[in-house]
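Under this note's numbering, think of the first position of the sequence shown as 12, with each following residue one higher.
Structure first, commentary second.
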Amino acid sequence: MAQPNIEVDKGHRTGLRSSGVLILWVVFLAACIGTALIGRFYFDAQRKDIVNSKATELSAVRDLKIQQVLDWRMGLLIDGRALSKDPALRDEVDRWVANPDDPAVVATLREWMKVMETQRGYSGVAIMSPDGSRWLSPTGEAPSDPVERTEAENARGSTETTLTDLFLDPVTKSPRLDVVAPLTGGPAKTQAVVILNRDPRPDLFPLIQQWPTPSPSSETLLVRRENDTVLYLNELRFKSNTALVATLPVSNSELLAVQALSGAPRATQGSDYRKNPVFGAVGQVGNTPWYIVAKVDQSEAFAGVRESQLLITAAVLAVLAFVGLGLAFAWRRRTVEYYRLELEAERSQAQLAEQYGLLTRYANDAVILTDETLHIVQANERAMELYGYSADELLVMTLDDLLEPDNDEHTPSLADTLRGASGLLLEIRQHRADGSVIDTEMSAQAIVTDEQTLYLTITRDMTDRKHAQEELLARTEDLARSNAELEKFAYIASHDLQEPLRMVASYTQLLQRRYQGRLDQDADEFIAFAVDGATRMQTLINELLAYSRVGTQGAPFAEADLDAVLSRVLKTLQVSIGESGAEITHDPMPIVTCDAIQVGQIFQNLITNAIKFHDVDSPQIHIGVERVGAERVFSVHDNGLGVEPEYFDRIFVIFQRLQSRAEYPGTGMGLAICKRIIERHSGRIWVESELGKGSTFYFTLGNQGDGGHVGKN
């Protein structure tokens, strides 16, 4: 009988083992490389998104600050122009010019100056002749400073109010800007000059420094060029006493303040006055010599990326470690199989214990190996740390000894749960050596050999994650409570604002009725402006309150026949429809689940706009509905003025108007309220339009499915 070739068989088994090891290592290396590449692409894309997002955000802040600074300057110019055109002030100044020592005239002008300082926020007021020979201040204690005399001389022969640039007051060394308003008598002859001193620290600097959202490093800077340096005009967030003092050389092209001097509005990157890397947006403030820099530290912008990068890297490393352990385990199993054919059963079991030790030594979770009766035969160092027992103590215990006792008699034992199962994932409560209880997640795997069955368990402490869930629940409850308090505050604030507005409106209307035609034309116009302003403010407050309460004060959703809802709306608008000659048609409307009152408000606002914004032709309006997939899409089509595409999104923002209030009355809240109501119904609203050819407003009320049906069909 031929004997088997033992050497050939052994060589074959060795070759198979080597090829299997090579395959496992190739798989592991491929997984590592693939994970690294995916992670790199992911984080590169995330960083790019953050850069683009910050560019958009900072550009918006830059534009906002530029507009706020221009509005602040315009307010000062309006004050100066109003003084130049004030006939009462001009008469008093004429009397003072004619008789500078008249005590009654001097007292009147000084009282007016004190009012300008105390009520209009000016730090100083002066009236002086263009040659600087005569001057008048609120106290009369000190002569005008040289800056004011120069400003008065420059205003000679001019009729235009001007603003000086920001400078340091020669006496107080504090920031200052002057409003120079010439008072003329006769054809362009300057009788006197009113000079208003403005300290920018109480209003302009806080306006510039205010940031829309909380941020530890965001900052807005106001700068101008000063010879070969860039001068910081406002106080810096991270340095004190810097306004109109701090300078840096324009040769530093990395400096965002230097980049701003180019004037072109753009998003950019560079460094700030602290030499920190920052993202920014720069631009010129109108036609002034001032430039705005809106910036944020790159470290803040990328903080979320770094945190998520660390977390994901840790998770990926854990997964790779688990894969590596799995591959190592599979490799060891092949090794055990190889040696099982070569060695006796006793040596096979020793090899199993050895490979288990290698598998679990560096694991981050508690790894325990038990026999079929759940007696612990091996435990890694993490298991000792988790449970607080020494290796010797664990080796005389079972897994059941680590369980927190369960009072339910019908709960199966852990041994019964594991027996016969190839793999399980359990959430159980266990206790430590000191008696403390921990919530854990345990994965169990049966390992079947020829001689016995072993159980490998990997246990992770989940106590910190349930605490996180409890904290999240508490924060959610705090947010709901905060929203309720905010709504209450909005109601109280609007109510309190209404009372003084009603008083202002009542008394200005009384002035209008009593003194109409008895004063000059300017007085009648001013009173009319006050009446109109108070009335519009009341309307704005009411509509803003309605906007804020859409989500909380609406009625519960119920089935509603939109034919009936639309009929009520058309009946309400019958006067406007008749006056405009509008022709309104509509498709049969469905029955849907909604807040019928709010949906009626949507139809009313859209139809009212269609009637309001039309040209010489009579309004032609059609209200339609059609099913598109799982949605019902409602539409309101008109033949009105139309909207340019660049304003499609803007018209749904509160207080946004495309036409002047004189042409078309309103507050700009109607479409914003429609959008908020539709969002409450989980729907969406959009517009399609062409200028001069009408508009079509579309909206949905969420996915009505087959539940929405036509009421009259």
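Virtual Cβ for every residue (Gly too), placed ideally from N, Cα, C.
From the DSSP output, read off the bridge partner residues of residue i.
i      : result
Asp189 : Asn208
Cys605 : Ala569
Leu465 : Ile458
His597 : Ile634
Ala312 : DSSP output for Ala312 lists no bridge partner at all.
Gln280 : Phe290
Glu230 : Lys306
Glu699 : Thr707
Asp450 : Arg440
Leu242 : Arg235, Thr258
Glu642 : Val639
Taking the alpha-carbon of residue i as reference, which of the options has the nearest alpha-carbon?
i      : options                        : result
Asp189 : Gly565, Asn263, Thr172, Ser693 : Thr172
Val204 : Val136, Ser454, Thr253, Phe708 : Val136
Asp427 : His442, Leu410, Glu415         : Leu410
Arg740 : Thr161, Arg160, Leu87          : The chain is shown only over 12 to 724; residue 740 falls outside these bounds and no answer can be derived.
Ala99  : Glu68, Leu40, Leu48, Thr195    : Thr195
Pro781 : Leu521, Ile439, Asp572         : One cannot answer for residue 781 here, as it falls past the ends of the chain, which runs 12 to 724.
Ser64  : Thr451, Lys76, Ile49, Gln309   : Gln309
Lys125 : Leu147, Val234, Asp105         : Leu147
Asp142 : Lys200, Tyr518, Ser587         : Lys200
Val639 : Pro223, Lys623, Tyr400, Tyr709 : Tyr709
Gly713 : Ser706, Ser693, Ala305         : Ser693
Thr711 : Pro601, Met514, Tyr466         : Pro601
Gln221 : Gln523, Leu75, Ala516, Glu481  : Leu75
Asp533 : Phe54, Val38, Asp97, Gln78     : Asp97
Glu452 : Val459, Thr474, Thr460, Arg443 : Thr474
Leu81  : Ala163, Pro630, Pro300, Gly446 : Pro300
Thr129 : Leu682, Leu207, Ser282         : Leu207
Leu1   : Leu483, Ala457, Ala444, Ser447 : What is shown of the chain runs 12 to 724, which leaves residue 1 out entirely.
Gln520 : Arg695, Phe540, Lys250         : Phe540
Lys286 : Asp472, Ile379, Asp628, Phe249 : Phe249
How would you label residue i, buried or exposed, when you count the other beta carbons within 10 angstroms and need 16 or more for buried?
i      : result
His478 : exposed
Arg476 : exposed
Ser671 : Because Ser671 carries a pLDDT of 43, less than 50, the predicted location of this residue cannot be relied on, and the following value inherits that uncertainty. The residue in question, Ser671, is exposed, as its Cβ has fewer than 16 Cβ neighbours within 10 Å.
Gly703 : exposed
Gly297 : exposed
Asp376 : buried
Phe663 : buried
Thr468 : buried
Glu122 : exposed
Val407 : exposed
Lys686 : buried
Pro676 : Any reading at Pro676 must be qualified, since the residue scores a pLDDT of 49, below 50, and its modelled position is unreliable; the value itself is stated next. Looking at its Cβ environment, which holds fewer than 16 other Cβ atoms inside 10 Å, Pro676 is exposed.
Trp107 : buried
Ala673 : Residue placement at Ala673 is poorly supported in this model, since its pLDDT is 45, which falls under 50; the coordinates still yield a value, given next. Looking at its Cβ environment, which holds fewer than 16 other Cβ atoms inside 10 Å, Ala673 is exposed.
Gly168 : exposed
Phe624 : buried
Asp717 : The pLDDT assigned to Asp717 is 45, lower than 50, so where the model puts this residue is not dependable; a value taken from the coordinates is nonetheless given after this. Flag for Asp717 reads exposed.
Tyr133 : buried
Arg513 : exposed
Gly399 : exposed
Ala566 : exposed
Ala41  : exposed
Write down the C-beta distance between residue i and residue j rounded to the nearest angstrom, noting that I regard them as a contact closer than 8 Å.
i      : j      : result
Leu242 : Leu255 : 7 Å
Ser185 : Asp210 : 6 Å
Gln57  : Val316 : 5 Å
Ile595 : Ile632 : 5 Å
Ser587 : Gly651 : At roughly 14 Å, the Cβ-Cβ gap does not stay under 8 Å, so Ser587 and Gly651 are not in contact.
Thr464 : Glu396 : The Cβ separation is near 28 Å, so there is no contact.
Ile622 : Ser591 : 5 Å
Glu162 : Val191 : 5 Å
Phe659 : Cys605 : About 25 Å separates the two Cβ atoms, so there is no contact after all.
Leu244 : Arg236 : Rounded, the Cβ-Cβ distance is 11 Å, inconsistent with contact.
The ligand NAP and residue i: does the residue's C-beta get closer than 6 Å to at least one heavy atom of that ligand?
i      : result
Gly653 : As presented, the structure is devoid of all ligands, the ligand NAP included, so that no description of it is given.
Stretch pair the segment 613-630 + the segment 644-651: three plus CB contacts closer than 8 Å: yes
For the structure I just gave you, are there three or more beta carbon pairs, one from the segment 110-122 and one from the segment 205-222, closer than 8 Å? no
Below 8 Å, can you find three or more Cβ-Cβ pairs linking the segment 79-94 to the segment 167-181? yes
Is the segment 63-73 close to the segment 266-278, with three or more CB pairs under 8 Å? yes
Under 8 Å: do the segment 264-275 and the segment 288-295 share three or more Cβ pairs, one atom per stretch? yes
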